[in-house]
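Residue numbers for the sequence shown follow our numbering, beginning at 178 and rising by one. C-beta atoms are modelled at their ideal positions from N, C-alpha and C, and glycine is treated no differently.
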Amino acid sequence: MTVAPSPWRLGLTGGIGSGKSTVAQLFAQLGAGVIDADAISRATTAAQGAAIPLIAAQFGADYIGADGAL
178 MTVAPSPWRL GLTGGIGSGK STVAQLFAQL GAGVIDADAI SRATTAAQGA
228 AIPLIAAQFG ADYIGADGAL
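Structure follows, in structure tokens:
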């Protein structure tokens, strides 16, 4: 019986301007799936984002702007 190898999972870390986004784009061009945690964070904390009600419930409405964003 032969077991198929598991796909690799890589995490890109580094400081601001260190090239994480560039490397992620290169991986995507090669067909790798890329999860951008920054994009997810921006989307969920934008006006009417999924995290806004949870943040308001946990920390108070003072943290939510007039536009409904964090």
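- Each residue's CA atom was taken as its position, placing A246 and V211 some 25 angstroms apart.
- Residue environment: I193 is assigned as exposed (fewer than 16 neighbouring CB atoms within 10 Å of its CB, all protein chains considered).
- Bounds of the alpha helix (DSSP H) holding Q202 are 197-206.
- DSSP places Q235 inside the alpha helix (DSSP H), whose first and last residues are 229-236.
- I229 and A214 have their C-alpha atoms spaced approximately 17 angstroms apart.
- When rounded, the separation of the alpha-carbon atoms in G242 and R219 is 14 angstroms.
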